[in-house]
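A quick write-up on the structure given underneath.
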Amino acid sequence: MEFETSKQFDKLVFKINDKSTKLRLKRVIERVGQAKNLDEIPNITPIVGHPNYYRIKFGDYRVGISLEDNIVWFLYFGKRDENTYKKFP
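Going by numbering that gives the first Met the number 0, the residue at position 9 of the sequence shown is 8; the numbering climbs one at a time, nothing skipped.
Structure below.
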């Protein structure tokens, strides 16, 4: 699938200091790029009440994405806490 990143996502990723987290995020992005549809992406869940918005879980982190015109937009990245879903979508 084709994908793009938002400025907010780029800023959040830039702040990551842990190399293993960056590597795991890179693998998630690669899997999205290789997938032909959303069903091929592991650990993806639709966000209830928000059509076309999804989250991808890995470890304690969440990646927020949206699907628009067959383009996956990476919108949010962060550690899972009580504020995660206040910030996304």
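The C-beta atom is built at its ideal place from N, Cα and C for all residues, glycine as well.
C-beta contact flag for R23 and F57 at 7 Å
yes
Could you check whether V27 and I55 sit closer than 7 Å to each other, using their CB atoms as the reference points?
yes
Nearest by alpha-carbon distance to Y60: which of N51, H49, Y75, G32 is it?
Y75
What are the start and end residues of the beta strand (DSSP E) that includes E1?
1–4
Assign S65 to one of two classes, buried (16 or more other C-beta atoms within 10 Å of its C-beta) or exposed (fewer than that).
buried
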